[in-house]
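In full-length UniProt numbering, the protein residues as written are 1 to 259.
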C-alpha cells in the first residue's frame with residue numbers, strides 16, 4: 001500500500017518505482033500500463049518510460065500494453081537494490097566498520113550493502129577479491145589496491161559474474177576475511193534469490209579465515225529460496241536492526257551486533 005507521500009509522483013524517484021513495479025510483477029507475473037499507473041498514482045507516460053528503462057536493465061519484458069516479468073530476473077538490479085532501504089544499508093555498514101580489521105586479503109560479495117561498505121573502507125595495500133562489477137569499478141578509482149576479479153558469466157541485473165568458471169577460479173583463492181550480505185535472514189540461516197549467488201557465498205565462506213555477515217534489518221524474517229549457510233557459520237553478524245527484531249536470534253544463542 002502506498003502512503004500519501006508516495007501517491008504524489010514528484011516525491012517518488014524512478015528507482016523507487018522500478019522496485020514497486022518489479023514487486024508487483026513478481027506477485028502478478030504481468031500487468032498493463034493502466035494497472036501500473038493506477039497502482040503508483042502516476043501517468044501512463046511515466047510508466048511507459050519506466051518499463052522501457054527496466055527492459056534495458058533486463059528486469060522485465062515489455063508486452064503489448066504492459067509488461068511481463070523477465071523469467072531470468074531472479075535478482076533485482078543492483079542499481080535498484082542500492083536505492084531500496086538505502087538508509088538502513090548505510091547504517092548496517094557503519095555498525096560493521098569497527099569490526100572490519102586485521103586482514104590483508106578480503107573477499108567482498110556483489111551485494112549493494114557490501115558495495116556501500118567497500119566504499120567506506122581503507123583498502124590500501126590490501127588484496128580485494130570480488131565478483132561484483134560495481135565494486136571492482138569503484139575500487140579501480142582508489143590507489144594501491146591489489147584487485148582480483150574472477151572470470152565467469154556476466155549478469156546485467158546483479159552486475160556480477162557467477163557460474164562454473166567463477167567458482168573454479170575462486171576455489172583456488174583464499175582470503176583472511178569474507179564480507180557478505182544476503183537476500184534474506186531467518187533462524188535457519190541466510191538465503192539468496194539465485195542458486196549461483198548462494199554457491200559463490202558458500203565457497204568463500206569456506207575459503208576465508210573469518211567471515212562477516214552485514215545485513216540491514218529489513219532482511220530479517222523475509223523469505224527467499226536458496227539456503228546459503230547457517231548463522232553459526234559467520235564469525236560476526238552486523239546489522240542496523242533494533243533489539244526487538246533480533247531478540248529471537250539472541251535467544252537462540254546467536255551473537256548479533258547492532259550498535
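Glycine included, every Cβ here is placed at the ideal spot set by N, Cα and C.
- DSSP, reduced to helix, strand and coil, places residue 54 within a helical segment of the structure shown.
- Judged by DSSP in its simplified three-state form, residue 26 adopts helix.
- Per DSSP, reduced to three states, the secondary structure at residue 66 is strand.
- A direct Cα-Cα distance of roughly 15 Å separates residue 184 from residue 92.
- Under the DSSP assignment, residue 40 falls in the alpha helix (DSSP H) whose first and last residues are 33 to 40.
- For residue 113, there is no enclosing beta strand (DSSP E); the enclosing alpha helix (DSSP H) has its first and last residue at 112 to 120.
- According to the DSSP secondary-structure assignment, residue 159 is paired through a beta bridge with no residue.
- Classified as buried, residue 181 has 16 or more neighbouring CB atoms from the shown chains inside 10 Å of its CB.
- DSSP places residue 226 inside the beta strand (DSSP E), whose first and last residues are 226 to 229.
- Excluding residues up to 5 positions away in sequence, 44, 47, 48, 65, 66 lie with their Cβ nearer than 7 Å to the Cβ of residue 33 in the same chain.
- Around the CB of residue 17, 16 or more other CB atoms lie within 10 Å, so the residue is classed as buried.
- Beta bridge pairing from DSSP links residue 129 with 107, 148.
- Rounded to the nearest angstrom, the gap between the Cα atoms of residue 24 and residue 68 is 10 Å.
- Around the CB of residue 225, fewer than 16 other CB atoms lie within 10 Å, so the residue is classed as exposed.
- Between residue 133 and residue 123, the C-beta spacing is not below 9 Å.
- In the DSSP assignment, residue 170 falls within the unbroken alpha helix (DSSP H) covering 164 to 171.
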